[in-house]
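Those protein sequence lines, which keep their order, are chains A and B. Start counting the first sequence at 383; every next residue gets the next number (the working numbering). Start counting the second sequence at 790; every next residue gets the next number (the working numbering). Quick reminder that beta carbons are idealized off the backbone N, C-alpha and C, glycines included. This structure is a prediction, so every number in the text was calculated from the model and none was measured. Take a look at the structure set out below.
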Amino acid sequence: MPELTTPLDLEDLRATIAEIIDVDIAEVTDTADFKEELDVDSLLALEILVTLERKYGTKLAESNLQKVRSLNETYALLAEQLEAS
Amino acid sequence: MLSSVKGSWCLVLGASSGMGRATALAMAREGAHVCGVYFGTSAQQEEADALVEELHGLGVRTSFHNLNAAKPQTRAEVAGRLAELTGPQGIRVLLHSLAFGSLLPFIPRDGQPDVITPRQMDMTVDVMGHSLVYWVRDLYTAGLLGRGSKVFALTSRGDERVMPNYGAVSAAKSALVSHVRQLAVELAPSGVAVNALRAGLTMTPALIRIPGSDVLAERAGGSNPHGRLTTTEDVAEAVVMLSASDSSWITGNVIDVDGGEGLV
């Protein structure tokens, strides 16, 4: 179990994702499509998954890659995982 | 001259499964310490943790990193760690076993509109091909690849044959083989050997991800003159064998490790 985890917060998640994919925070709108609009390839999507897993102390299987499509969808995935754990 | 790898360090990129994992174990059985880079979520982390435990059981030292091997920061971090671990000796073996690519067709078909995007094509060729060049260069300039050290890259029959959905990976493998030749020549004055191993069809997690791989496996198993598929241990054994000399005279080759599968 991770020692330090962060509570889920949409703005914090937005900043984290913007940092990983190296774009301005303003570009990560709630619904911007990572793949189509922010040029995120599957390796960057995995990077998002790995970073969030560590940050929030939860398990996110690689099969969740398809759900890392937008900020809203990523938030929903995390909320669901954190609730289940 | 033959020289033992005992006490030397090997660096395995893509260490948590498949050929990387098998090579880590095979080198450790010869007494080599293993530095491994892999990238993934907790599932891969658990696989890697189990491997590290197994390696410690063989009495060698390890340094494992869950990091994206395609990033410059990862190369800098791992090279820094290796410099501390190996001292002036540097590493004996680098195995590039990175399998992370996009498996999509180039041309859309009825019922399958998804095709590879420029971004996915670039990522695939960068991770599975070009990253070899950047790793070798960074390790070399850090003084970690000295006379007698060996670099191995892993290609497949897909570097010249066509398989469904394999176009981007095929391009990456072709680039990889080209990079092996170029690096071999540029590193010859330094006595560093660079070769590609072309394994026959091997049931690795990377292969199983390819749609239709079960059909390919059945065909290859049937046609291989040895009557079976290649195993990850076959490939690991080849790495161990080719690392057992301090000569750099075997360099710039694509060496088939396929039991003759490519001949028939």
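message: Below 8 Å, how does it come out for the region 446-459 of chain A and the region 401-421 of chain A: are there three or more Cβ pairs, yes or no?
response: yes
query: B:Leu-847 to B:Met-808, Cα distance in whole Å?
result: 18 Å
message: Below 8 Å, how does it come out for the region 811-828 of chain B and the region 843-862 of chain B: are there three or more Cβ pairs, yes or no?
response: yes
Contacting residues, own chain, Cβ-Cβ under 8 Å from A:Leu-447 (five flanking each side not counted): Ser-424, Ala-427, Leu-428, Leu-431
query: What's the gap between the Cα of B:Gly-937 and the Cα of B:Gly-918?
result: 23 Å
- prompt: Do three or more CB pairs link the region 1025-1045 of chain B to the region 1002-1015 of chain B at distances below 8 Å?
  reply: no
- prompt: Which bits of chain A does B:Ser-891 rub up against, with CB to CB less than 9 Å?
  reply: Asp-423, Ser-424
message: By the 7 Å beta-carbon criterion, what residues does the region 909-931 of chain B contribute toward chain A?
response: Gln-909, Met-912, Val-916
- request: Assign B:Asp-1047 to one of two classes, buried (16 or more other C-beta atoms within 10 Å of its C-beta) or exposed (fewer than that).
  value: buried
message: If I measure Cβ to Cβ from B:Lys-962 and keep anything under 8 Å in the same chain, skipping five residues before and after, which residues do I get?
response: Met-917, Gly-918, Thr-944, Ser-945, Gly-947, Asp-948
query: Looking at chain A, which residues of the region 844-876 of chain B have a Cβ within less than 8 Å of any of its Cβ atoms?
result: Asn-855, Asn-857, Ala-859
field: Nearest-angstrom Cβ-Cβ length linking B:His-885 and B:Val-867, presumed shorter than 8 Å
entry: So it is not a contact: roughly 13 Å between Cβ atoms.
- prompt: Taking Cβ-Cβ distances below 9 Å as the criterion, which residues of the region 1020-1042 of chain B are in contact with chain A?
  reply: none
field: Host beta strand (DSSP E) of B:Ser-938 (start-end)
entry: 934-944
message: Can you check whether the C-beta of A:Leu-459 is within less than 8 Å of a C-beta belonging to chain B?
response: no
field: Simplified DSSP state of A:Leu-453, which is helix, strand or coil
entry: helix
field: Beta-carbon proximity check, B:Leu-933 vs B:Ala-872, cutoff 8 Å
entry: yes
The region 818-825 of chain B touching the region 791-801 of chain B, judged by at least three CB pairs closer than 8 Å: yes
Per-residue DSSP class, three states only, for B:His-919: helix
- prompt: In terms of DSSP beta bridges, what is B:Asn-855 paired with?
  reply: B:Tyr-827
message: Can you pull out the residues from the region 433-450 of chain A whose beta carbon lies closer than 7 Å to at least one beta carbon of chain B?
response: Glu-435, Lys-441, Leu-442, Ala-443, Glu-444
- request: Along the alpha helix (DSSP H) that carries B:Leu-972, what are the first and last residues, could you check?
  value: 956-976
query: Got a sec? Which residues, its chain only, sit under 8 Å from B:Ala-957 by beta carbon, not counting five neighbours each side?
result: Gly-890, Ser-891, Leu-892, Leu-893, Ile-905, Gln-909, Met-910, Thr-913, Val-914
Residue-level contact to chain B via CB, A:Glu-429, 8 Å cutoff: yes
Interface partners of B:Gly-829 on chain A, CB under 8 Å: Leu-428, Val-432, Glu-444
message: For a test of the three-state rule: what should DSSP assign to B:Asp-927, helix, strand or coil?
response: helix
- prompt: Mind pulling the chain A residues with CB within less than 8 Å of B:Ala-888?
  reply: Within chain A, no residue comes near B:Ala-888; the closest Cβ sits about 12 Å away, beyond 8 Å.
Close-in-space but distant-in-sequence residues of the same chain around A:Arg-396 (CB under 7 Å, 5 per side omitted): Ile-407, Val-410, Leu-453
task: Return no unless some Cβ of chain A is closer than 8 Å to the Cβ of B:Ala-832.
output: yes
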